[in-house]
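Student: I'd like to ask you about the structure that follows.
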Amino acid sequence: INVTTDVSYAGQIPPWLTVTQSGSGNSQTLTNSVTLGSLTQGTYTCTVSVAAVGASNSPKSYIVTLVVEPSVGISIEPDIVQTQPGLYRVLVPAGFRGKWATVSIFSVHGKIIRRMNLPVSGSTLNINWNGTTDNRRQASSGIYYVTVNFGSKTLSTRGILF
Numbered sequence: 021i022n023v024t025t026d027v028s029y030a031g032q033i034p035p036w037l038t039v040t041q042s043g044s045g046n047s048q049t050l051t052n053s054v055t056l057g058s059l060t061q062g063t064y065t066c067t068v069s070v071a072a073v074g075a076s077n078s079p080k081s082y083i084v085t086l087v088v089e090p091s092v093g094i095s096i097e098p099d100i101v102q103t104q105p106g107l108y109r110v111l112v113p114a115g116f117r118g119k120w121a122t123v124s125i126f127s128v129h130g131k132i133i134r135r136m137n138l139p140v141s142g143s144t145l146n147i148n149w150n151g152t153t154d155n156r157r158q159a160s161s162g163i164y165y166v167t168v169n170f171g172s173k174t175l176s177t178r179g180i181l182f
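Each position in the sequence shown, counted from 1, maps to that position plus 20 in this note's numbering.
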């Protein structure tokens, strides 16, 4: 069976629906594909006419309606995670790439043990603390608090040093 399709948009530009045909004989499938391109928020409608040569019930039409809604952004909150003792991965807040972060490591008593200024080049900041203090002495094993300051945004977590 020879099947043809035609899509009419009733004045809507640009075309946004593509109809492709697969299969052969009496077993054919029409697949509708949408291309959003420059479509803005709104409702779009088109009519697809399907004609089969020699069929008594041809052509048939169906209506396709597309509703484009405003995009809902996915927001990932900045966070700091200890991946292993002395190693931390920080999800950098938006707008801070290409700047500097101040990393401070505190004892459980609130004393600053180590402070580092690190460049932020991507969406994650990897911190590698080898357990030394600002005085280049080895810190004792235990629990420490790590803060990362990006200017107006500060993240903190509890960490362990073995």
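The beta carbon of each residue, even a glycine, is placed where N, CA and C say it ideally should be.
#1: For Y164, count neighbouring Cβ atoms within 10 angstroms of its own Cβ and tell me buried if that reaches 16, exposed if not.
#2: Note the first and the last residue of the continuous beta strand (DSSP E) segment covering F126.
#3: Note down the Cα distance separating S85 from A72, rounded to an integer number of angstroms.
#4: Check for me: the beta strand (DSSP E) holding S162 runs from which residue to which?
#5: Express the C-alpha separation of S42 and G115 in angstroms, rounding to a whole number.
#6: Which class does T55 belong to by DSSP, given the choice of helix, strand or coil?
#7: One question on the structure: do V39 and N52 come within less than 8 Å of each other, judged by their Cβ atoms?
#8: Can we say the region 134-150 touches the region 100-118, given the rule of at least three CB pairs closer than 8 Å?
#9: Just list the residues that DSSP pairs I147 with in beta bridges.
#10: Can you tell me whether A114 is helix, strand or coil according to DSSP?
#11: For Y29, list the residues DSSP reports as bridge partners.
#12: Can you tell me where the beta strand (DSSP E) holding Q41 begins and where it ends?
#13: Beta-carbon within less than 7 Å of S127's beta-carbon, same chain only, minus the 5 sequence neighbours each way: which residues are those?
#14: The beta strand (DSSP E) with V87 in it runs from where to where?
#15: Go to T65, then tell me how far its beta strand (DSSP E) extends in each direction, as first and last residue.
#16: Straight-line CA distance for N155 to V88?
#17: Could you check which residue in I147, Q158, P79, N150 has the C-alpha nearest to that of T25?
Tutor: Straight from the coordinates:
#1: Under the 10 Å beta carbon count, Y164 is surrounded by 16 or more other beta carbons and is classified as buried.
#2: Per DSSP, the unbroken beta strand (DSSP E) holding F126 starts and ends at 120-126.
#3: It is worth fixing the name first, because residue 85 is Thr in this sequence and not Ser. Answer to the nearest angstrom: the Cα atoms are 23 Å apart.
#4: In the sequence under discussion, the amino acid at residue 162 is Gly, which differs from the Ser named in the question. Where G162 is concerned, the enclosing beta strand (DSSP E) stretches over 162-169.
#5: Roughly 47 Å separates the two Cα atoms.
#6: Coil at T55, not helix or strand.
#7: Contact: yes.
#8: Touching, yes, given that three or more Cβ pairs across the two stretches are closer than 8 Å.
#9: For I147, DSSP records a beta bridge to Y108.
#10: Looking at A114 - three-state DSSP - the assignment turns out to be coil, as it is neither helix nor strand.
#11: Beta-bridge pairing links Y29 to no other residue.
#12: Annotation for Q41: the continuous beta strand (DSSP E) segment containing it runs 37-44.
#13: Taking S127 as the centre and dropping the five residues before and after it, the same chain places the C-beta of I133, Y164 closer than 7 Å to its C-beta, in chain order.
#14: Taken as a continuous stretch (DSSP letters only), the beta strand (DSSP E) holding V87 covers 80-88.
#15: 62-72 is the span of the beta strand (DSSP E), which, as asked, contains T65.
#16: In a straight line, the C-alpha of N155 is about 59 Å away from that of V88.
#17: Cα-wise, what sits closest to T25 is P79.
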